[in-house]
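Worksheet: the structure to be examined is printed underneath.
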Amino acid sequence: MVGLLVVLAGRLAWVQLVDGGTWSERAREQLQESRSLKTPRGAIYDRSGKELAISHMAKSLYANPREVKDPDGLAKKLAPLLKMDENVLRDRLKVKGAFIWLKRTLEPPEYQQIAAVIERDKIRGLDFLEESRRVYPNDMLAAHVLGFVGTDDKGLTGIEMAMDATIRGQTHKQILDTDSKGTPIFKSIFAFQKPKSGQSIYLTIDSAVQFAVEQALDRAIQRTQAQGATMIVMNPKTGEILAMASRPTFNPNTFFRFREQDWRNRAIATIYEPGSTFKSLVTAAAFQEKVVKAQEMMNDTGAIDVGGRVIQNWDGGSYGVMPFADFVKYSINTGFAAVAQRMGGKRMLQYAENFGLGKATGIELPGEEDGILLSLDAMQPADVATMGIGQAVAVTPLQLLTAVCSLANDGKLLKPHIIKEIRDSDGLLVSYSSPQVVRQPVSAEVAHEVVGLMEKVLTEGGGKRAQVEGYRFAGKTGTAERLRDNGAGYDPGRYIASFVGFGPLEDSQLAALVAIDSPRGLYYGGEVAAPVFADAMTQIVRILGIRPSQPPAAFQPPKSAQPSKPPAPRPPTPQPAAPAPITAGKIPMPDVRGRTIREVALLLKQHGLSLIPEGSGVAVRQSVAPQAPVSPGTEIMVRFEPR
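Residues 2 to 644 (the working numbering) are what the sequence shown spells out, left to right.
Here it is in structure tokens:
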């Protein structure tokens with residue numbers, strides 16, 4: 002008896018002390034059940050609460066290959082249900098290991114069919130796990146802003162990536178106490194608290210405005226056959242992004258079917274030389290430093306040599322002596338090169354930095370580029386002059402729009418933002434965004450003066466096709482050679498046509514930038530990008546209910562600033578027209594057809610008249626007929642086309 006007790010005591014000590022952990026684990030396996038519960042990602046809404054991205058829980062099918070007895074037969078049975086290749090399924094079912102995904106986030110009908118087959122045929126080795134499935138109900142709308150989510154529920158681009166830690170749901174491991182038959186004990190069930198879903202994001206994007214912008218871009222791509230395009234709409238008073246679109250685009254629901262370059266958000270990830278759109282900032286800086294005045298008379302000789310580099314006007318012509326305000330209106334390169342030289346490299350760079358160029362804006366989106374500004378030590382005299390016409394500097398579309406918005410906001414530069422507020426799963430406000438002033442590059446007085454000149458670009462200069470019927474807008478066109486993707490020089494024959502503008506000027510609530518990459522045929526900003534601005538803004542002012550600036554009847558349809566169709570054949574040499582009766586104080590209009598821009602400008606100047614050129618080449622039409630009576634000082638619009 003004593004010997005037996007000693008053996009039993011030894012065995013008990015061994016089980017309790019040596020093998021205790023093993024037996025405890027086996028007991029837990031028999032009396033407890035572990036379940037992993039995952040909550041869905043938070044939703045993404047537009048500024049008015051419209052759903053842009055939502056999540057729901059879906060079943061994912063997995064297999065334990067060790068328990069699968071007939072991989073070939075099971076693959077043949079599942080292939081039609083899963084709409085997968087039978088060979089792929091067979092290979093997965095034969096892998097070594099205890100876990101392999103067969104198909105993630107099944108559709109409800111798929112799950113129901115497969116679950117029924119598993120139960121009916123008593124199939125071992127197959128089971129389901131719940132996973133969060135992301136859905137974008139508007140398909141391609143705002144795709145580059147939203148981004149997309151990978152199969153592991155991790156954001157890979159756009160807001161999904163930038164705010165992944167905030168949006169992503171939680172994974173919680175639930176331990177249920179069970180009886181000997183595996184039935185959960187109620188106390189453990191009711192003691193469990195379900196984890197909360199991820200927080201929801203409300204964007205500053207307006208879905209209706211976004212749709213109007215994307216439609217306008219699609220029409221522009223179809224019309225110009227461009228390789229790409231982008232457009233941003235911002236409220237210059239708050240820094241809120243109302244729309245941001247890029248082309249080419251993709252569908253975030255099926256992002257894997259598109260090229261990786263289609264995922265790129267051109268509004269923040271593309272840098273380019275801004276060209277003449279940059280002249281609005283140069284003008285503001287020059288006025289602030291008092292190196293030039295709007296009415297200062299300057300002489301345009303058609304070309305200027307700076308450090309061995311010849312800078313010409315975009316049309317190859319010259320305009321003679323006229324006020325600097327007209328240099329802005331007609332985007333005369335020689336005048337801006339001269340003004341940049343007066344400013345000097347140090348001040349030019351300082352103002353570029355003050356306007357936020359050369360550094361990312363800090364918007365809540367991933368992949369934003371910094372842009373490029375030369376260092377002062379590296380700048381040559383030619384670089385200073387070319388910077389004045391929008392070269393020797395590279396920006397992102399968002400950077401340039403943000404800088405120009407400061408002119409519409411009394412000279413105050415705001416930080417752009419695209420997140421309006423964040424709310425938790427119960428709808429309670431967690432945080433919200435408010436306007437953030439970065440600095441004031443120029444005074445309010447200077448900003449107002451520049452805005453006045455930019456308005457004339459639309460009413461009298463090269464931006465007429467950007468006019469919005471019934472509303473006062475200001476802006477600037479731009480045409481720049483396209484930088485190579487590797488940054489080494491320019492792509493020959495490829496241009497970026499752009500336009501930036503804002504309004505209505507009584508209370509500027511809208512600002513937008515349009516950039517068209519490598520359009521076929523015409524490539525001038527006034528001809529290619531300006532109409533896209535007008536197209537989108539015409540819809541946006543109505544969507545937002547903005548009242549017109551003037552009665553629609555007072556509006557005159559805009560005329561083209563550059564050729565909008567193939568050049569017409571040069572007309573025959575005109576025959577002298579019969580002189581018309583000349584009233585007192587008037588002069589006969591000279592015949593300028595067949596002359597170059599320089600010749601026309603000189604001839605009109607001799608008669609006390611002003612020239613408004615359209616296009617380039619030789620004169621083919623004039624707004625006042627030859628020999629018709631005209632008052633001195635009248636502005637004459639002359640159409641030029643290539644020889």
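Even glycine gets a Cβ: it sits at the ideal position worked out from N, Cα and C.
Close beta carbons around residue i, own chain, < 6 Å, minus the five adjacent residues each side
{"i": "A602", "result": "Y320, G321, L612"}
{"i": "I272", "result": "E370, G372, A395, T397"}
{"i": "F556", "result": "Residue confidence for F556 is low, a pLDDT of 41 falling below 50, so the modelled location carries little weight; the figure read from the coordinates is stated next. Cβ neighbours of F556 beyond the five flanking positions: E470, G471."}
{"i": "A383", "result": "V307, G308, R310"}
{"i": "R599", "result": "G318, S319"}
{"i": "A530", "result": "A498, S499, F500, V515, I517"}
{"i": "R343", "result": "V292"}
{"i": "S201", "result": "G43, A44, R424"}
{"i": "S376", "result": "none"}
{"i": "P81", "result": "none"}
{"i": "A445", "result": "D411, G412"}
{"i": "V150", "result": "R135, G156, E161"}
Option in the options with minimal Cα separation from residue i
{"i": "I419", "options": "L243, Q200, L130, G4", "result": "L243"}
{"i": "V69", "options": "L90, I55, H57, T387", "result": "L90"}
{"i": "L62", "options": "F503, F100, S25, D73", "result": "F100"}
{"i": "Q223", "options": "I364, A513, D518", "result": "D518"}
{"i": "G276", "options": "R169, S499, E52", "result": "S499"}
{"i": "T387", "options": "N314, I55, I588, E52", "result": "N314"}
{"i": "G318", "options": "I333, V405, V621, P549", "result": "I333"}
{"i": "L204", "options": "R348, Y524, P417, P110", "result": "P417"}
{"i": "S407", "options": "V452, Q392, P367", "result": "V452"}
{"i": "L83", "options": "L6, V96, F212, E111", "result": "E111"}
{"i": "S133", "options": "K477, M58, T539", "result": "M58"}
{"i": "L523", "options": "A163, R440, G494", "result": "G494"}
{"i": "Q289", "options": "D592, A448, E87", "result": "A448"}
{"i": "N410", "options": "I390, A475, A14", "result": "A475"}
{"i": "T460", "options": "V329, V619, I269", "result": "V329"}
{"i": "A261", "options": "H145, I55, P81", "result": "In the sequence as displayed, the identity of residue 261 is Glu instead of Ala. It is H145 whose Cα lies nearest to the Cα of E261."}
{"i": "V96", "options": "D73, M85, A80", "result": "D73"}
{"i": "G391", "options": "V150, E274, L358", "result": "E274"}
{"i": "M538", "options": "A467, A286, A28, L130", "result": "A467"}
{"i": "I403", "options": "S432, V438, T158", "result": "Correcting the residue type first, residue 403 is Thr in the shown sequence and not Ile. If we check each option's Cα against that of T403, V438 comes out closest."}
{"i": "A513", "options": "I312, T106, S632, T231", "result": "T231"}
{"i": "Q226", "options": "N236, I206, T239, R248", "result": "R248"}
{"i": "F337", "options": "K360, D316, D301, A353", "result": "D301"}
{"i": "L374", "options": "G363, I364, D154, F356", "result": "F356"}
Limits of the unbroken alpha helix (DSSP H) element including residue i
{"i": "K623", "result": "Checking the displayed sequence, the identity of residue 623 turns out to be Gln instead of Lys. Where Q623 is concerned, there is no enclosing alpha helix (DSSP H), although the beta strand (DSSP E) it sits in stretches over 619 to 623."}
{"i": "E274", "result": "First-last for E274: undefined, no H or E at that position."}
{"i": "G634", "result": "Here G634 belongs to no alpha helix (DSSP H), and DSSP marks it neither H nor E."}
{"i": "T539", "result": "531 to 544"}
{"i": "L454", "result": "445 to 460"}
{"i": "V322", "result": "Unbroken run through V322 is the beta strand (DSSP E), 321 to 324; no alpha helix (DSSP H)."}
{"i": "G4", "result": "3 to 14"}
{"i": "Q342", "result": "334 to 355"}
{"i": "M162", "result": "159 to 163"}
{"i": "L408", "result": "398 to 409"}
{"i": "A144", "result": "144 to 147"}
{"i": "G222", "result": "Correcting the residue identity first, residue 222 is Ile in this sequence and not Gly. Here the alpha helix (DSSP H) through I222 covers 208 to 225."}
{"i": "Q289", "result": "280 to 290"}
Residues sharing a beta bridge with residue i, DSSP
{"i": "S56", "result": "R135"}
{"i": "I45", "result": "A54, I202"}
{"i": "L511", "result": "G504"}
{"i": "T597", "result": "V619"}
{"i": "K477", "result": "V501"}
{"i": "S432", "result": "I423"}
{"i": "I233", "result": "M245, L514"}
{"i": "I305", "result": "I312"}
Minimum Cβ-Cβ distance from residue i to chain C less than 9 Å
{"i": "H418", "result": "Although the question refers to chain C, the structure presented lacks it and comprises just one protein chain."}
Contact set for residue i: own chain, Cβ-Cβ below 8 Å, skip 5 residues either direction
{"i": "I583", "result": "Its pLDDT being 45, under 50, I583 is placed unreliably in this model, and the value from its coordinates should be taken loosely. Excluding residues within five positions, the ones whose Cβ falls inside 8 Å are P589, P630."}
{"i": "S208", "result": "D47, S49, K51, L53, N139, L142, A143"}
{"i": "A569", "result": "In this prediction, A569 scores a pLDDT of 35, lower than 50, which makes its location untrustworthy; no coordinate-derived value is stated."}
{"i": "V212", "result": "Going by the sequence as given, residue 212 is Phe instead of Val. These residues qualify, in order along the chain: L142."}
Endpoints, beta strand (DSSP E) assigned at residue i
{"i": "V439", "result": "438 to 440"}
{"i": "K421", "result": "420 to 424"}
{"i": "D301", "result": "298 to 301"}
{"i": "R310", "result": "310 to 313"}
Own chain, CB closer than 7 Å to residue i, minus 5 neighbours either side, in chain order
{"i": "P572", "result": "The predicted model places P572 with a pLDDT of 37, which falls under 50 and marks its position as unreliable; any figure quoted below should be read in that light. Cβ within range, chain order: R594, V621."}
{"i": "M455", "result": "S281, A475, G476, K477"}
{"i": "E636", "result": "S611, I613"}
{"i": "K347", "result": "L377"}
Original post:
Counting only runs that start and end within the segment 69 to 135, where is the beta strand (DSSP E) found for 3 or more residues in a row?
Top reply: 101 to 104
Original post:
Which ranges would you report for the alpha helix (DSSP H) in the segment 350 to 395 if only whole runs of at least 4 residues count?
Top reply: 382 to 388
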